[in-house]
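S.K.: This structure is in structure tokens; I'll ask about it shortly.
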Amino acid sequence: MNKIPSALNLGIRRGGLEIRQFARQRESVVFTLLFPVILLAIFGSVFKDTIAPGVTFSQYFVAGMIASGLVNTGFQSLAITIPMERDVGGLKRLRGTPMPASSYFIGKAILIAASMIIQIALLFGFGLLFFGVEMPTELSKWITFTWLVLLGSACSTALGIAFSIVPKSGRGASAVVSPIVIILQFFSGVFFVFTQLPTWMQQLAAIFPLKWLTQGMRSVFLPDSFGAQEVAKSWETGRTFLILLLWLVIGVFFSVRKFKWDRD
Amino acid sequence: MNVIEVKGLKKSYGPVHAVRGVDLSIPAGEIFALLGPNGAGKTTTVEILEGFRSRDAGQISILGFDPQTQGHAARQWRDRIGIVLQSAADAGDLTVIETVEHFRGYYSKPRNTDEVIAAVGLENKTGALIRNLSGGQRRRLDVALGIIGSPELLFLDEPTTGFDPEARRAFWTLIEQLRGDGTTILLTTHYLDEAEALADRVAVINNGLIVEVSTPAELGGRATSKALVSWRDGSQVKSEESDNPTSVVSRLTTQFGGDIPELSVTRPSLEDIYLKMIGGVDE
Chain A
0 MNKIPSALNL GIRRGGLEIR QFARQRESVV FTLLFPVILL AIFGSVFKDT
50 IAPGVTFSQY FVAGMIASGL VNTGFQSLAI TIPMERDVGG LKRLRGTPMP
100 ASSYFIGKAI LIAASMIIQI ALLFGFGLLF FGVEMPTELS KWITFTWLVL
150 LGSACSTALG IAFSIVPKSG RGASAVVSPI VIILQFFSGV FFVFTQLPTW
200 MQQLAAIFPL KWLTQGMRSV FLPDSFGAQE VAKSWETGRT FLILLLWLVI
250 GVFFSVRKFK WDRD
Chain B
0 MNVIEVKGLK KSYGPVHAVR GVDLSIPAGE IFALLGPNGA GKTTTVEILE
50 GFRSRDAGQI SILGFDPQTQ GHAARQWRDR IGIVLQSAAD AGDLTVIETV
100 EHFRGYYSKP RNTDEVIAAV GLENKTGALI RNLSGGQRRR LDVALGIIGS
150 PELLFLDEPT TGFDPEARRA FWTLIEQLRG DGTTILLTTH YLDEAEALAD
200 RVAVINNGLI VEVSTPAELG GRATSKALVS WRDGSQVKSE ESDNPTSVVS
250 RLTTQFGGDI PELSVTRPSL EDIYLKMIGG VDE
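Below, the structure is given as structure tokens:
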């Protein structure tokens, strides 16, 4: 008798299927992938001044946009679309097949990673061409950037899957999830310079991963001298890694233990 | 060994006793229909057997596995069963062939994609997006996804709801083919004629208990129940119940000296028997 396909193998197949399904939803493709670029265009045009010598607001904002792109694409979209899949019975049907839950999760992670790569490429392209965004030149910054994107994407995916158990229906999911993300973006220094926010807001934001992702991205896109202006007077790269890792573990734990395949 | 063996199955939701002690034995290759009104415990029973719900009490063996099995054993079990649920409206942006081909990859010994698509009569729709299929076509795709893994046991939940009569006939032919392949089928349906056409045996469930298990022809004493002979005598319609309607007709033939006006001989339909049974439990 042939063996049942491995969970990883099926996960990769699911990733391909998820990407194909996503690519066919034209409106949502355009909106999801270009949303960060549109925001960069708006904020880059409104705030023309520099926030520190040689640091434009656009430069600061690119860091925030990539970080919040990770949260929008992973956490927000999954916490909204998974309840919708559950509503129409798609998840229950999958539950009735030999495909394991881990393959479904791997498929989602692949979709989110692919979507992030395209978003980042677009953001870099438009940022370089129209908004004078400067790319880092040191290898070490690119290494930081790579693990931030990978870890951030995994963390955001896991938390999105975990949070998908909260909305009772697909229809109500957006109303539950979107405000959380928007508030988190304001608190975490995506739209404003973080150090200018009230202390209580900074402290609240420090519990959640977006603040750390944003700060990590600033360490990539802003000059090192700017690190001294952060709240902790440094980029806190090690702490960022640990906090994101902790949130990843929390997300995976709840995804594996509590995932809901059925409406009731 | 029976494919499905259930003893003393119980399930409550708070104060509601949905299933109050169900026993079932279904041998390999049988098409078994579970009939019952809404709220009788039918869906709960089937969902427990499918592994979607936990139970409060009772022993269950499905192909030798407990449906609550977890981990790798659960995958091995699900590799051998197929489930066609009441409704699934997902994956509208994929084509028929993409979806069937993808699900095929989940199983260790799947059927051929083209053969399965042809078997459910979607061979002219292979490249169509699922969201452009009609309700009946979607339902046939559901069935295709249920049988692509060549299951030994197939759960069919209200498979022909929303079908036109022609599509239902075509669907019944498909089920007969699966029977020919030796697939065991547990069918739940609201259509008594469907149960009669397909099932080797039927069980009637009501108030969480199995009322009777029998062949469709014998359910509720149907085979031995009296026939009703009716005819017109002048301005009156007369009728007579009899164990031996032939002798009644023969007597009437002599009486009328030939044609009996508006003669009919009827036996209770499965539906008559069923309605009597589920009504009778409350009394």
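Top line first, the protein sequences correspond to chains A and B.
For the first sequence, counting from 1, position 136 maps to 135 in numbering that gives the first Met the number 0; every step adds exactly one.
For the second sequence, counting from 1, position 89 maps to 88 in numbering that gives the first Met the number 0; every step adds exactly one.
Even glycine gets a Cβ: it sits at the ideal position worked out from N, Cα and C.
Just so it is clear, the structure is predicted and the values come from calculations on it, not from any experiment.
Give me the subset of the stretch 97-114 of chain B whose CB atoms are less than 8 Å from a CB atom of chain A, sorted by chain position.
M.R.: Listed by position along the chain: GLU97, HIS101, PHE102, GLY104, TYR105, TYR106, SER107, LYS108.
S.K.: Under three-state DSSP, which class holds ALA226/B?
M.R.: Of the three classes helix, strand and coil, the one that applies to ALA226/B here is strand, per DSSP.
S.K.: So is ASP65/B in contact with chain A if we call contact Cβ pairs under 9 Å?
M.R.: Interface residue (Cβ-Cβ distance to chain A less than 9 Å): ASP65/B is not classified as such.
S.K.: Taking the straight line between their C-alpha atoms, what separation do you get for ALA169/B and PRO26/B?
M.R.: 26 Å
S.K.: With 9 Å as the threshold, decide whether the Cβ of THR31/A is near any Cβ in chain B.
M.R.: no
S.K.: Are the C-beta atoms of ARG23/A and some chain B residue less than 9 Å apart?
M.R.: Taking Cβ atoms only, chain B reaches closer than 9 Å to ARG23/A, which makes this a yes.
S.K.: Per DSSP, what kind of secondary structure is LEU221/A in: helix, strand or coil?
M.R.: Note: LEU221/A maps to coil in three-state DSSP.
S.K.: From the DSSP output, read off the bridge partner residues of THR49/A.
M.R.: Secondary-structure assignment with DSSP links THR49/A through a beta bridge to THR55/A.
S.K.: Name the chain A residues that come within less than 9 Å of ASP78/B, Cβ to Cβ?
M.R.: ILE3, THR96, PRO97
S.K.: Which residues in the same chain have their Cβ closer than 8 Å to the Cβ of THR236/A, if we skip the five residues on either side of it in sequence?
M.R.: Answer for THR236/A: THR143, GLY215, SER218, listed in chain order.
S.K.: Taking C-beta pairs closer than 9 Å, name the residues in chain B that SER259/A reaches, listed in chain order.
M.R.: Inspection of the sequence shows that residue 259/A is occupied by Lys rather than by Ser. What LYS259/A touches in chain B: nothing, since even the nearest Cβ is about 12 Å away.
S.K.: Is LYS6/B near ARG52/B, with beta carbons less than 9 Å apart?
M.R.: no
S.K.: Among THR49/A, GLY151/A, PHE185/A, GLY88/A, whose alpha-carbon lies nearest the alpha-carbon of PRO239/A?
M.R.: With the sequence shown as reference, residue 239/A is identified as Thr, and Pro is not the correct amino acid for it. Measuring from the Cα of THR239/A, the nearest candidate turns out to be GLY151/A.
S.K.: Just checking my contact of PRO97/A with ASP113/B at CB under 8 Å: how many whole Å lie between their CB atoms?
M.R.: Between ASP113/B and PRO97/A the Cβ distance is about 22 Å, and since that is not below 8 Å, they are no contact.
S.K.: Going along the chain, which unbroken runs of the alpha helix (DSSP H) with 4 or more residues stay wholly within the stretch 122-178 of chain B?
M.R.: 134-146
S.K.: Sorted by chain position, which residues of the same chain lie with C-beta nearer than 8 Å to GLU282/B's C-beta, five sequence neighbours on each side aside?
M.R.: Confidence at GLU282/B is low in this model, with a pLDDT of 36, below 50, so the placement of that residue should be treated as unreliable; the coordinate-derived value is given next. Cβ-Cβ distances below 8 Å link GLU282/B to nothing in the same chain once the five nearest sequence neighbours on each side are left out.
S.K.: From the DSSP secondary-structure annotation, give me the bridge partner or partners of ILE25/B.
M.R.: ILE3/B
S.K.: Select from GLY104/B, LYS237/B, ASN243/B, ASN205/B the residue whose C-alpha is nearest the C-alpha of ILE277/B.
M.R.: ASN205/B
S.K.: Within 8 Å, do at least three Cβ pairs link the stretch 40-57 of chain B to the stretch 11-21 of chain B?
M.R.: yes
S.K.: Starting from the C-beta of ASP130/B, find all residues in its chain whose C-beta is less than 6 Å away, skip the five residues before and the five after it, and write them out in chain order.
M.R.: One detail in the question is off: residue 130/B reads as Arg in this sequence, not Asp. Excluding residues within five positions, the ones whose Cβ falls inside 6 Å are GLY91.
S.K.: Are the beta-carbon atoms belonging to PHE34/A and SER155/A less than 9 Å from one another?
M.R.: Not closer than 9 Å, so no.
S.K.: Three or more C-beta pairs under 8 Å: does that hold for the stretch 243-253 of chain A against the stretch 155-172 of chain A?
M.R.: yes
S.K.: Compute the Euclidean distance between the alpha carbons of ALA202/B and GLY135/B, then round it to the nearest angstrom.
M.R.: 27 Å
S.K.: Helix, strand or coil: which one does DSSP assign to ASN243/B?
M.R.: coil
S.K.: Where do the ends of the beta strand (DSSP E) carrying GLN58/B lie?
M.R.: 56-61
S.K.: Cβ atoms of LYS107/A and ARG13/A: under 9 Å apart, would you say?
M.R.: yes
S.K.: State the Cα-Cα distance for the pair TRP260/A and GLU97/B, rounded to the nearest angstrom.
M.R.: 23 Å
S.K.: Could you tell me the boundaries of the beta strand (DSSP E) in which PHE31/B lies?
M.R.: 30-34
S.K.: I want to know whether the stretch 68-86 of chain A touches the stretch 195-206 of chain A - three or more CB-CB distances under 8 Å.
M.R.: no
S.K.: So, PHE56/A versus SER163/A, is the Cβ gap smaller than 9 Å?
M.R.: no
S.K.: For GLY181/B, which residues from the same chain have a beta carbon less than 6 Å from its beta carbon, with the 5 sequence-adjacent residues on both sides left out?
M.R.: Result list for GLY181/B: GLY28, in chain order.
S.K.: What did DSSP end up calling HIS189/B once you bin it into helix, strand or coil?
M.R.: coil
S.K.: On the DSSP letters alone, give me the boundaries of the alpha helix (DSSP H) that ILE116/A sits inside.
M.R.: 100-129
S.K.: So, at 7 Å on beta carbons, what are the nonlocal neighbours of ASP65/B in its own chain, with the 5 sequence-adjacent residues on each side left out?
M.R.: ILE59
S.K.: Relative to the C-alpha of PRO222/A, which residue among LEU212/A, TRP211/A, VAL230/A, TRP234/A is closest?
M.R.: TRP234/A
S.K.: Just verifying my parser: in three-state terms, what is the DSSP assignment at ILE259/B?
M.R.: coil
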